[in-house]
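Okay, structure first, notes after.
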Amino acid sequence: MPSSVFEQHVFDQPHLRLEAVKGRAIVWAAADSLTSQIPLGSEVVAVDGTPTTEFLHTNVYPYMSGTSPRFRRSLGNGWYVNGIGLLWGRAGSEVAVTIRTPDGEERTVPLTRSSSSVRASWAQLDRSRSSGSFEFRWIDDAYAYVALNTFADAAQVARFDSIASELRSANGVIIDLRQNGGGGDDVAKPIIARHLTSDTLEGSRSRTRVNDAARRAWGRYADQEWAREYAPYYTGEAFRELGRNAVVPDTSVAKIDVPVVVLIGRNTGSAAEDFLVWLDGLDAVTLVGEPTTGSTGMPLSLDLPGGASARILTKHDTYPDGREFLGVGVQPDIFVEPTVEDLIAGRDGMLMRALEVLRDRVQ
C-alpha cells in the first residue's frame, strides 16, 4: 500500500505477538494485562469466528510478497510490517480472537488493535536468538557457534577471518543462518573461498525472461513459418542465461577441516541461499533445520496507481544440476522444526540437534 497510508498509522494489531509453529499461530508475547486470559503458548485458532487457516488463505496470503508456503506462514502469523497479517486491521478496531490454551481450553477474547498507540508492559517466552549481525561463542568448550545474521554487511568477512584460527581448533563448527535474509554474494562468497573449501564450487544457474517487444509481436504469427522462432517471446518463455557464479578457493588461507553444521530456516534467503548452493555436496557440511525462504532475492519493484507498489521476481535460479529451490526452499539434510514445547521451555531444538550431529561425527 502507499507509504502515505502507513505514515497515518492506519493499521495496527492487538498486544499479542505470534510465531508460526508447525503451521499453528502460537502466542509468544502478550501484554501483561492479557496473560490471565491468553496464556503464553496459546494457539490462535480463529479470528472473528473464521478458523485461522481459512483466514490466512483468504485475507492474508493473497496480498503478501513471499515465496515458499513456510515463509508466508511465518510472515502471516508474525509481525508483518506492511500492515498484512493474521491480527492486523484498522487501528483502534475490535477483533475477536479465539485461542486454545496450553491446557486445551478454548475461549474467545475481544481485543483492540492498539499496540502502537497504547503502551504496555510485556511478558514473553524466551526465544533465545542471536542479536546483531554477528555472534561467536563456544559451546561446551569444544564446539564453535557462529551466527551470520546478514550478508549485507561487508564487515562480516573480516569478522569471520578474525575467528578462523579458533574455528580450526574446534571439534566442530555451527554456522547459524536462520536469521540471515541475504545481502550480497560479495560478502557470502569470500567466507567460503577463504575458509570452507579447497575446491572450485559451482554456483546456481540463473536465467531471466527476455522482453523483446518486436519479437513478441512477431511471435503472435508463430503459426507461419517465418515467425515460428519468435513463439517463445509471445508466450513469455524466452529466457537469457545469466551465467554461473563459481567460488574459487583462496589457497593462501588454511581451511576449516572439521565437521560443519549449518542451521537454516524459513528466514534464510537470497544470498544466504546462494551460500548454501555453493556448499551443496561438501561432505564436511550438514544442513540442519527447516527449508529456506526459496527466493533469489532479485525483485523488480513496480509503482502502481495511487502510490501503491508491488514486487515481482525477475530471476530464476536452480542448483547447478537443475534442482529447484525457488518457491520451495533449500532443503535441510536433517529436518528439524520448532515445537510449541520448545518455545514454552525456551529450548533451541535445532541447535540441540546440530550438536548431536557434531558429536556423532567426532566419535
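Residue numbers for the sequence shown follow this note's numbering, beginning at 9 and rising by one. Quick reminder that beta carbons are idealized off the backbone N, C-alpha and C, glycines included.
Problem set entry | Member of Gly189, Val126, Ser212 whose CA lies at the smallest distance from the CA of Leu156 | Gly189
For this session: Take Leu363 and list the residues in its own chain whose beta-carbon comes closer than 7 Å to its own, dropping the five residues that flank it on each side.
Result: Ile147, Tyr151
Exercise. Touch check for the stretch 222 to 234 and the stretch 247 to 254: three-plus C-beta pairs under 8 Å?
Worked result: no
Exercise. How big is the Cα-Cα spacing for Ala172 and Phe247?
Worked result: 41 Å
Problem set entry | At least 3 beta-carbon pairs within less than 8 Å: the stretch 204 to 223 vs the stretch 276 to 290 | yes
Exercise. Taking the continuous beta strand (DSSP E) assigned at Val55, which residues delimit it?
Worked result: 51 to 55
Exercise. Should Val268 be flagged as near chain D, meaning a C-beta pair shorter than 8 Å?
Worked result: Among the chains of the structure shown, chain D does not appear; only one protein chain is present.
Problem set entry | Backbone CA spacing between Ser101 and Ile342 [nearest angstrom] | 44 Å
For this session: Report back the beta-carbon spacing between Ala99 and Asp20 to the nearest angstrom; my notes put them in contact at under 8 Å.
Result: 4 Å
Problem set entry | Beta-carbon proximity check, Val344 vs Arg361, cutoff 8 Å | yes
Exercise. Per DSSP, which one or two residues make a beta bridge with Ile342?
Worked result: Val296
Exercise. Mind pulling the beta strand (DSSP E) runs of 3 or more residues that sit fully within the stretch 276 to 329?
Worked result: 293 to 297, 307 to 311, 317 to 321, 324 to 326
Problem set entry | Separation of Ala37 from Lys30, as counted between CA atoms | 18 Å
For this session: Give every residue of the same chain whose Cβ lies closer than 8 Å to the Cβ of Pro346, excluding the five residues on either side of it in the sequence, and list them in chain order.
Result: Glu27, Val29, Lys30, Gly357, Met358
For this session: Could you please give the first and the last residue of the uninterrupted beta strand (DSSP E) stretch that includes Val269?
Result: 268 to 272
Exercise. When DSSP labels each residue in this structure, what does Phe247 get in the three-state scheme?
Worked result: strand
Exercise. Can you name, in chain order, every residue of its own chain whose Cβ lies under 8 Å from the Cβ of Asp207, other than the five neighbours on each side?
Worked result: If you ignore the 5 residues before and after Asp207, its C-beta comes within less than 8 Å of the C-beta of Pro257, all in its own chain and listed in chain order.
Exercise. Who does Ala38 pair with in a DSSP beta bridge?
Worked result: Leu24, Ala131
For this session: Would you mind giving the Cβ-Cβ distance between Ala54 and Thr106, rounded to the nearest angstrom? I have them listed as a contact below 8 Å.
Result: 4 Å
For this session: Output the boundary residues of the alpha helix (DSSP H) element that contains Asp169.
Result: 163 to 176
Problem set entry | Distance CB(Arg78)-CB(Glu349) smaller than 8 Å | No.
Exercise. What residues in its chain sit with their C-beta under 8 Å from that of Leu48, if we drop five residues either side in the sequence?
Worked result: Once the five neighbours on either side are set aside, the close Cβ partners of Leu48 are Val35, Trp36, Ala37, Ala38, Ala131, Gln132, Leu133, Ile352.
Exercise. In this structure, does DSSP put Tyr229 in helix, strand or coil?
Worked result: coil
Problem set entry | Spatially closest choice to Ser125 from Gly191, Pro22, Val13, Leu308, by CA coordinates | The candidate whose alpha carbon is nearest that of Ser125 is Pro22.
Problem set entry | Those residues which DSSP pairs with Phe19 across a bridge | Arg98
Exercise. In terms of alpha-carbon separation, which member of Gly192, Glu249, Arg224, Arg81 lies closest to Pro240?
Worked result: Arg224
For this session: Answer yes or no: the CB of Gly227 versus the heavy atoms of the ligand HEM, is any distance below 7 Å?
Result: With respect to small molecules bound, the structure shown includes none, and the ligand HEM cannot be examined in it.
For this session: Report the option in Ser139, Arg81, Pro59, Lys197 whose CA atom is closest to the CA atom of Ala104.
Result: Pro59
Exercise. From which residue to which residue does the alpha helix (DSSP H) around Ile199 run?
Worked result: 193 to 203
For this session: Name the two residues that bound the continuous alpha helix (DSSP H) containing Gly357.
Result: 357 to 370
Exercise. By Cβ distance, which residues of its chain are closer than 6 Å to Ala176, with the 5 residues on each side in sequence left out?
Worked result: Reading off the sequence, residue 176 comes out as Arg, not Ala. So the qualifying residues of the chain are Ile264.
Problem set entry | Backbone CA spacing between Ser303 and Ser82 [nearest angstrom] | 15 Å
Problem set entry | Neighbour-count burial assignment, Tyr238, 16 or more Cβ in a 10 Å radius | buried
Exercise. Ends of the beta strand (DSSP E) at Ile352?
Worked result: Element bounds for Ile352: not the beta strand (DSSP E) but the alpha helix (DSSP H), 348 to 353.
Exercise. What's the call for Tyr153, buried or exposed, on a 16-neighbour Cβ count within 10 Å?
Worked result: Buried, because 16 or more other Cβ atoms sit within 10 Å of the Cβ of Tyr153.
Exercise. Which of helix, strand or coil does DSSP assign to Ala1?
Worked result: What the structure shows of the chain is the stretch from 9 to 371, and residue 1 is not part of that stretch, so it cannot be assessed.
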